[in-house]
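In what follows, a single structure is set out as structure tokens and then discussed.
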Amino acid sequence: HWSLSNFDIGRPLGKGHFGKVYLARVRSRTDPFILVLKCLTKDEIITKQVQTQVRREIEVMQTLRHPNIIRLYGWFHDSERIFLMLELAGKGELFKQLAKKGKFSEKRSSQYIRQVASGLAYLHSNDIIHRDIKPENLLLGMNGEIKIGDFGWSVYSPAENSQRTLAGTLSYTSPEMVLGQPYGKAIDIWALGVLTYELTCGEEPFGADTSGGPRLVHQRICRCDLKFPPFLSSDAKEFIRSLLRFKPEERLPLDQVDQQPWILKHL
Ligand code: ADP
Ligand code: MG
Ligand code: MG
53 HWSLSNFDIG
63 RPLGKGHFGK
73 VYLARVRSRT
83 DPFILVLKCL
93 TKDEIITKQV
103 QTQVRREIEV
113 MQTLRHPNII
123 RLYGWFHDSE
133 RIFLMLELAG
143 KGELFKQLAK
153 KGKFSEKRSS
163 QYIRQVASGL
173 AYLHSNDIIH
183 RDIKPENLLL
193 GMNGEIKIGD
203 FGWSVYSPAE
213 NSQRTLAGTL
223 SYTSPEMVLG
233 QPYGKAIDIW
243 ALGVLTYELT
253 CGEEPFGADT
263 SGGPRLVHQR
273 ICRCDLKFPP
283 FLSSDAKEFI
293 RSLLRFKPEE
303 RLPLDQVDQQ
313 PWILKHL
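Letter 48 of the sequence shown, counting from 1, is numbered 100 in the UniProt record's numbering, and no numbers are missing.
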């Protein structure tokens with residue numbers, strides 16, 4: 053029952069792959085309600101063959117309720133576009149903060165990581181794999197709290213190790229996905245390890261596509277070829293190593309993240 057006429061459109065907040073993301077306000081309320089409209093152009097959805105991704109993004113997000121996950125309030129469409137009504141993350145992308153700072157202190161990083169782990173644990177308990185955890189898809193609420201966003205790559209996956217589709221972003225890809233093996237929820241735990249490294253060290257652990265091409269990155273991923281900068285604490289290194297394990301079943305379970313020394317010492 054929603055349409056574009058229900059909203060005042062404000063400034064653009066970001067650019068998505070298939071359209072823009074705007075700040076918006078519901079018109080009819082006396083009590084102004086601020087939210088985000090993510091516009092997806094139907095033409096582009098069809099040209100880029102992402103109908104399934106968009107459907108999943110909506111279906112998955114609509115059911116979720118967690119303080120560290122962006123809420124989807126509803127959606128509607130007109131002849132040209134689909135609009136997602138999203139909870140506003142007032143402080144924007146974690147990626148932008150990271151770009152500005154280079155890297156974060158271990159204290160700040162560990163507080164972010166604990167919240168991402170909490171959101172991921174909730175997703176996994178609902179049999180959802182996010183598949184695209186990275187700083188661009190982590191947003192910050194008004195109090196600086198983590199809000200996991202962009203569920204375009206997410207998938208409902210109740211059976212263990214039943215997925216095969218290549219998804220997500222090269223430098224965050226897990227060994228089992230690189231090797232084309234069936235995979236499951238543990239790919240998000242791997243990505244959490246890559247994220248921890250990137251936040252604390254200011255660069256991706258296995259390099260990016262630009263530094264030697266995808267094959268080199270893939271090789272380093274499959275060898276778990278980790279090199280730590282000298283400033284990183286041993287608790288941080290141990291935490292990262294416990295997530296970036298080659299075998300999915302050996303990766304630290306998300307419900308144990310809170311008990312790790314690196315997390316505990318920064319609470
Ligand atoms: P895409 O699926 O095309 O990557 P995203 O959902 O990642 O699109 O949104 C693109 C950008 O728009 C984000 O990186 C962010 O800057 C901004 N954005 C998206 N959702 C929100 C939100 N709920 N609150 C604030 N900014 C947002
Ligand atoms: Mg995105
Ligand atoms: Mg997306």
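Where is the CB? At the ideal position from N, CA and C, for every residue including glycine.
Secondary structure of residue i, DSSP reduced to three states
i: Lys72; result: strand
i: His53; result: coil
i: Phe298; result: coil
i: Trp205; result: coil
i: Glu228; result: helix
i: Ile181; result: strand
i: Thr93; result: strand
i: Val78; result: strand
i: Phe85; result: strand
i: Gln101; result: coil
i: Gln312; result: coil
i: Gln233; result: coil
N-terminal and C-terminal residue of the alpha helix (DSSP H) that residue i is part of
i: Gly62; result: Segment Phe59 to Lys67 is the beta strand (DSSP E) holding Gly62; no alpha helix (DSSP H) there.
i: Phe147; result: Leu146 to Lys153
i: Ile239; result: Ala238 to Cys253
Residues near residue i by beta carbon distance below 8 Å, same chain, minus five either side
i: Leu268; result: Gly259
i: Pro266; result: Leu222
i: Glu132; result: Thr93, Lys94 and Asp95
i: Asn120; result: Gln167, Val168, Ser170, Gly171, Tyr174, Glu197, Ile198, Lys199 and Ile200
Residues of its chain near residue i, where Cβ-Cβ distance is below 7 Å and the 5 sequence neighbours each way are ignored
i: Met194; result: Gly142 and Lys143
i: Leu254; result: Here residue 254 is Gly; the residue named in the question, Leu, does not match the sequence. Only Gly154 and Lys155 meet the Cβ criterion.
i: Asp179; result: Tyr208, Ser209 and Pro210
i: Glu188; result: Glu145 and Phe147
i: Leu284; result: Thr252 and Cys253
i: Ala173; result: Leu306 and Asp307
i: His270; result: Val230
Close-in-space but distant-in-sequence residues of the same chain around residue i (CB under 6 Å, 5 per side omitted)
i: Tyr125; result: Met137
i: Leu89; result: Tyr74, Ala76 and Phe135
i: Thr99; result: none
i: Ile86; result: Arg77 and Leu140
i: Glu256; result: Ser223 and Glu250
i: Ile61; result: Tyr74 and Ala76
i: Phe280; result: Lys289
Where the beta strand (DSSP E) containing residue i begins and where it ends
i: Gly264; result: Where Gly264 is concerned, there is no enclosing beta strand (DSSP E), given that its DSSP letter is neither H nor E.
i: His129; result: Leu124 to His129
i: Ile134; result: Arg133 to Leu138
i: Leu191; result: Leu190 to Leu192
i: Ile198; result: Ile198 to Ile200
Heavy atom of ligand 5 within 6 Å of residue i beta-carbon
i: Gly204; result: As presented, the structure is devoid of ligand 5, carrying ligand 1, ligand 2 and ligand 3 as its sole ligands.
Quick check on the contact list: which residues have their beta carbon closer than 6 Å to a heavy atom of ligand 2? Glu188, Asn189 and Asp202
For the segment 239-249 against the segment 159-177, are there 3 or more C-beta pairs whose distance is under 8 Å? yes
Spell out a yes or no on whether the segment 205-216 and the segment 282-298 are touching, meaning 3 or more CB-CB pairs, one atom from each, closer than 8 Å. no
Are three or more beta carbon pairs between the segment 199-210 and the segment 104-118 nearer than 8 Å? yes
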